[in-house]
Each structure stands twice: as C-alpha cells, then as structure tokens.
Amino acid sequence: DVKVTQSSRYLVKRTGEKVFLECVQDMDHENMFWYRQDPGLGLRLIYFSYDVKMKEKGDIPEGYSVSREKKERFSLILESASTNQTSMYLCASSHTGIMARNQPQHFGDGTRLSIL
Amino acid sequence: AQSVTQLDSHVSVSEGTPVLLRCNYSSSYSPSLFWYVQHPNKGLQLLLKYTSAATLVKGINGFEAEFKKSETSFHLTKPSAHMSDAAEYFCVVRNTGKLIFGQGTTLQVKP
Numbered sequence: 010d011v012k013v014t015q016s017s018r019y020l021v022k023r024t025g026e027k028v029f030l031e032c033v034q035d036m037d038h039e040n041m042f043w044y045r046q047d048p049g050l051g052l053r054l055i056y057f058s059y060d061v062k063m064k065e066k067g068d069i070p071e072g073y074s075v076s077r078e079k080k081e082r083f084s085l086i087l088e089s090a091s092t093n094q095t096s097m098y099l100c101a102s103s104h105t106g107i108m109a110r111n112q113p114q115h116f117g118d119g120t121r122l123s124i125l
Numbered sequence: 135a136q137s138v139t140q141l142d143s144h145v146s147v148s149e150g151t152p153v154l155l156r157c158n159y160s161s162s163y164s165p166s167l168f169w170y171v172q173h174p175n176k177g178l179q180l181l182l183k184y185t186s187a188a189t190l191v192k193g194i195n196g197f198e199a200e201f202k203k204s205e206t207s208f209h210l211t212k213p214s215a216h217m218s219d220a221a222e223y224f225c226v227v228r229n230t231g232k233l234i235f236g237q238g239t240t241l242q243v244k245p
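If you read the protein sequences in the order shown, they are chains A and D. For the working numbering, add 9 to where a residue sits in the first sequence, where the first one is 1. For the working numbering, add 134 to where a residue sits in the second sequence, where the first one is 1.
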C-alpha cells in the first residue's frame, strides 16, 4: 500500500514564524501536491511538483513556498505565518506518465495547523 | 475549464436505508472522475474512479457510481447505509495532472 506520511498531526505556531510542513511518500511517485482544506471550500491546491527541484503554483500559492530536494520528500513552507493560514494541510502523491490520467492521488492524514 | 459541483452540502439518512450523494461535472473532454471519503481527522481515501471502461463503477465498502454523460453527472450510491459510512465525501474531476475538488458532502447516518 502507498504510504504518505506527514510529519505532524497537530501544530501550533505564532504569527510571523517560519513554519515547515514535511511530507514523505514511499512509492517512488513523481508527482507531489500540497492542499489546504477549509470548511465549505473543499480542498484547494497550493503547490505541486512533477519532479525533484521542480515546482508549480497551484490555485492559492500566496504566502507559501515549497521545496523538493529528494523525490520522496516535499516540504511546504510558510515564510511568515499569519492567522488566515490556520487550516488543515494535506499532502498527496501520484504517478505520472501515460497511465497518469487514471491514477488517483494518495493522501496523508493531514496536519492541522493553528496560527496564534 | 473543468469543474465539479456537489449538489448537497449535507445528507442525513437512517442506518439501513439507501445513500445518494449527487455530483455534476463540467468538462470539455472525456473526464477522469473520482470519489474520495474523509473520516474525521483523517486524510482522503479513494472510494472509486471512472476510467471510461464502464459507466457503472464499483468501489470499496459497497459504494458505486454511475457516469452519465448526457446528464454530466457522477452520483455516488450505496444500497444500505452503515454507521461507519458517516464521513465527508468529495467528488473530484481530474484536469491534466491536477485534481479539482467539489465542496464536499457530509453524510450523517442516524441509528
């Protein structure tokens, strides 16, 4: 089974802090994604990566950056945390290539981040 | 542009009765469609996926969905609800490498 592991389930930080959320997958997936989930809004894509050192902006990248130095690891960075970034953050991964169109994304259990 | 609309934000059923969660999609070409389930404080788990091989798709835990191109719908059904089905459900359409999520439907199952 695919395993996507997020380093923290719950995290509390203060405004202005630099925050790192880590995600690791064990299935050699090329694609990795970061979403935030808010009530009534579903999941919104922040950033994604097709390969090591590659990154693409999603729908709501403002206030975030990402890092992918190794294929299995994808980090989300809040450069200067603000209260409106309090949310559930979900990491996902998937294969790419010819069959990618029908390949689902596999999700971690999420990190519930509170910014005080 | 592709989009997906879940027609109900909240559905309540009694245990043992059928479940219907409605989803309409918009796509300029043949879509890839998915249903995911999220139990409290957990990540998303894939229930089923439509890959154009068959219009009636069977998933895990007794769920199934029917792709209806003429109605642009992909509704999720289950003949008999269990208490363990209480969760949030997301209808998802794939746009190249990215997923587009519906707003979610919370399923409540009453004893």
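Glycine included, C-beta positions come from ideal geometry on N, C-alpha and C. The structure presented is a predicted model; accordingly, all values stated were derived computationally and were not measured.
Does any C-beta atom of chain A lie closer than 8 angstroms to the C-beta of Gln-237(D)? So, interface residue.
query = Around the C-beta of Ile-194(D), are 16 or more other C-beta atoms found within 10 angstroms, so that it is buried, or is it exposed?
reply = exposed
- With distances taken between CB atoms, is the gap from Leu-125(A) to Val-21(A) smaller than 8 angstroms? yes
Is it the case that the stretch 80–91 of chain A contacts the stretch 42–57 of chain A, given that we only count it when at least three CB pairs across the two stretches are under 8 angstroms? yes
Exercise. Excluding sequence positions up to five away, which residues of its chain have a Cβ less than 8 angstroms from the Cβ of Asp-142(D)?
Worked result: Leu-155, Arg-156, Thr-239
- Message: Quick check: what's the CA-CA separation for Lys-117(D) versus Trp-169(D)?
- Response: Outside the displayed span of chain D (135 to 245) sits residue 117(D), for which this structure offers no information.
*List the residues of chain A whose Cβ lies closer than 8 angstroms to the Cβ of Phe-208(D), in chain order.*
Ordered by position in chain A, no residue passes the 8 angstroms Cβ test against Phe-208(D), which lies about 14 angstroms from the chain.
| Closest Cβ-Cβ distance between Leu-233(D) and chain A: below 8 angstroms? | yes
**OP:** Reducing DSSP to helix, strand and coil, say where Met-217(D) ends up.
**Re:** helix
### Query
Which chain A residues sit within Cβ distance under 8 angstroms of Phe-201(D)?
Within chain A, no residue comes near Phe-201(D); the closest Cβ sits about 13 angstroms away, beyond 8 angstroms.
Go ahead and pull the three-state DSSP assignment for Asn-246(D).
Since the displayed chain D opens at 135 and closes at 245, residue 246(D) lies outside it and no answer follows.
What separation, rounded to the nearest whole angstrom, lies between the Cα atoms of Gln-15(A) and Arg-53(A)? 18 angstroms
- Task: Can you pull the chain A residues whose beta carbon is under 8 angstroms from the beta carbon of Gly-193(D), in chain order?
- Result: Near Gly-193(D) there are no residues of chain A at all, since even the closest Cβ is about 11 angstroms away, more than 8 angstroms.
- prompt: For Thr-92(A), which residues of its own chain have a beta-carbon under 7 angstroms away from its beta-carbon, when the five flanking residues on both sides are left out?
  reply: Once the five neighbours on either side are set aside, the close Cβ partners of Thr-92(A) are Thr-24, Ile-124.
*On a CA-only basis, which of Tyr-73(A), His-38(A), Arg-18(A) is nearest Leu-122(A)? Give me that one, please.*
Arg-18(A)
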